[in-house]
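So the structure is just underneath, and the comments pick up after that.
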Amino acid sequence: MENYNQTSTDFILLGLFPPSSLGLFLFTLIIPAFLMALTGNLSMVLLILLDAQLHTPMYFLLSQLSLMDLIYICTTVPKMASGFLFGNKSISFIGCGVQCFFFVTLAGSEGLLLMSMSYDRYVAICFPLHYPIRMNRRVCVLMILGSWSMGVVNSCAHTVYVLHIPYCRSRAIDHFFCDIPAMLTLACRDTRVYEYIVFFNTFIFVLFPFIIILASYGKVLLAVYRMSSQEGRKKAYSTCSAHLTVVTFYYVPFAYIFLHPKSLRSPAEEKLVAVFYTILTPVLNPVIYSLRNKEVLGALRRVAGKFCSKAL
Numbered sequence: 150m151e152n153y154n155q156t157s158t159d160f161i162l163l164g165l166f167p168p169s170s171l172g173l174f175l176f177t178l179i180i181p182a183f184l185m186a187l188t189g190n191l192s193m194v195l196l197i198l199l200d201a202q203l204h205t206p207m208y209f210l211l212s213q214l215s216l217m218d219l220i221y222i223c224t225t226v227p228k229m230a231s232g233f234l235f236g237n238k239s240i241s242f243i244g245c246g247v248q249c250f251f252f253v254t255l256a257g258s259e260g261l262l263l264m265s266m267s268y269d270r271y272v273a274i275c276f277p278l279h280y281p282i283r284m285n286r287r288v289c290v291l292m293i294l295g296s297w298s299m300g301v302v303n304s305c306a307h308t309v310y311v312l313h314i315p316y317c318r319s320r321a322i323d324h325f326f327c328d329i330p331a332m333l334t335l336a337c338r339d340t341r342v343y344e345y346i347v348f349f350n351t352f353i354f355v356l357f358p359f360i361i362i363l364a365s366y367g368k369v370l371l372a373v374y375r376m377s378s379q380e381g382r383k384k385a386y387s388t389c390s391a392h393l394t395v396v397t398f399y400y401v402p403f404a405y406i407f408l409h410p411k412s413l414r415s416p417a418e419e420k421l422v423a424v425f426y427t428i429l430t431p432v433l434n435p436v437i438y439s440l441r442n443k444e445v446l447g448a449l450r451r452v453a454g455k456f457c458s459k460a461l
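Each residue of the sequence shown is one higher than the one before, starting from 150 at the first, in this note's numbering.
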């Protein structure tokens, strides 16, 4: 292994794949996934923006999820790809801080947004007559602003901390992005108190929303079971299963990494699990919410038809 010890303030990202033929093969799988996530999430944001029939709370929340996933995957994959292809593994101290800030912001905001989306479905299915009042435009905007704001405030605190602790060991981060737990292993200060804070923070942004989501969908499934309309029951099950799939792929890896004892984790394991919430989830979200959703497919046909008619 190369010696990455250095005296500069730059960090070194060791990357996701080994510099071998196997690494090259695995890397070729990441690029199509990145392009799919980029295209799918950008298309969802634009489609919801352009089609008036999708201007409802459910789709406004979904547009924010797609926007978060779009920024999410652009925060980690391009730098990882650059390091693998060109050997440019160095990242500046400030660049690492910026990457930390965006990653933690999006991780926290998306967790809270998924909780808001579960509440939206809970009200729509369990209290359909009250839905226009409980989930009006003002409530929807407050949910979105609250998710972003709490994510930013939380991220600022973590980013300031990791940028101010002394790093007196190797600057080589055994990860493919500036992940805070991986950076803490390089610190020469005792970080146990901060690790307890991270554990508590994980409860607020991961476990608490996850519990709320499970409770919401428990009530939703009970209400769906009591439905007399088979068509309505089928539609509700489809919507719920889509959301629960997203929730599972997002929350479970996060909970595993941040609640699992550090002594029982390995850098290779951490990088593999991180692939789920940094790459796989942004790829799956637009697929799940578009290909399984007749309203989105209908909006796609309408918008495509408008552009085709203008072109002619």
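Ideal placement from N, C-alpha and C gives every residue a C-beta, glycine not left out.
{"query": "Residues near Thr340 in its chain [Cβ-Cβ closer than 6 Å; skip 5 each side]", "result": "Leu333"}
{"query": "Pair within 8 Å by beta-carbon distance, Met193 and Ser439", "result": "yes"}
{"query": "Residue from Lys443, Pro167, Arg286, His313 whose Cα sits closest to the Cα of Cys337", "result": "His313"}
{"query": "Cβ-based burial, Glu137 [other Cβ within 10 Å; buried from 16]", "result": "Here the chain comprises residues numbered 150 to 461, so residue 137 is not present and cannot be evaluated."}
{"query": "Given Thr224 as reference, the closest of Ile428, Phe407, Gly300 once Cα atoms are compared", "result": "Ile428"}
{"query": "Limits of the unbroken alpha helix (DSSP H) element including Leu333", "result": "329–333"}
{"query": "Those residues which DSSP pairs with Ala336 across a bridge", "result": "Tyr316"}
{"query": "C-alpha gap between Asn152 and Leu178, whole angstroms", "result": "Here Asn152 scores only 44 on pLDDT, less than 50, and its place in the model is too uncertain to base an answer on."}
{"query": "DSSP state of Leu162 mapped onto helix, strand, coil", "result": "strand"}
{"query": "Which residues DSSP lists as bridging Ile361, in chain order", "result": "In the DSSP output, where bridge partners are listed per residue, Ile361 has none listed."}
{"query": "C-alpha distance - Thr158 paired with Asn285, whole-angstrom precision", "result": "49 Å"}
{"query": "Buried or exposed (CB count within 10 angstroms, at least 16 for buried), Arg270", "result": "buried"}
{"query": "C-alpha distance - Ser239 paired with Leu165, whole-angstrom precision", "result": "14 Å"}
{"query": "Buried versus exposed call for Glu259 [16 or more other C-beta atoms within 10 Å across all chains shown]", "result": "buried"}
{"query": "Which residues DSSP lists as bridging Ile437, in chain order", "result": "For Ile437, which the question treats as bridged, DSSP gives no partner whatsoever."}
{"query": "Counted within 10 angstroms of its Cβ, other Cβ atoms place Lys228 as buried (16 or more) or exposed", "result": "buried"}
{"query": "Per DSSP, the bridge partner or partners of Ser239", "result": "Ile161"}
{"query": "CA-to-CA distance, His204 to Gln379, given in whole angstroms", "result": "27 Å"}
{"query": "Extent of the continuous alpha helix (DSSP H) run through Pro277", "result": "No alpha helix (DSSP H) contains Pro277, which DSSP labels as neither H nor E."}
{"query": "Reduced DSSP category for Asn154 - H, G, I as helix; E, B as strand; rest coil", "result": "Annotation note: pLDDT 44 at Asn154 (below 50); position unreliable, coordinate value reported separately. Asn154: coil per DSSP, three-state reduction."}
{"query": "6 Å CB neighbourhood of Cys327 in its chain, flanking five on each side removed", "result": "Cys245, Gln248, Cys249"}
{"query": "Separation of Ile274 from Pro330, as counted between CA atoms", "result": "40 Å"}
{"query": "Per DSSP, cross-strand counterpart(s) of Ile322", "result": "Leu162"}
{"query": "Through-space distance from Ser298 to Ile397, alpha-carbon basis", "result": "With the sequence shown as reference, residue 397 is identified as Thr, and Ile is not the correct amino acid for it. Between Thr397 and Ser298, the C-alpha separation is close to 24 Å."}
{"query": "Cutoff 7 Å; reference Thr394; Cβ partners in own chain excluding five residues on either side", "result": "Ile437"}
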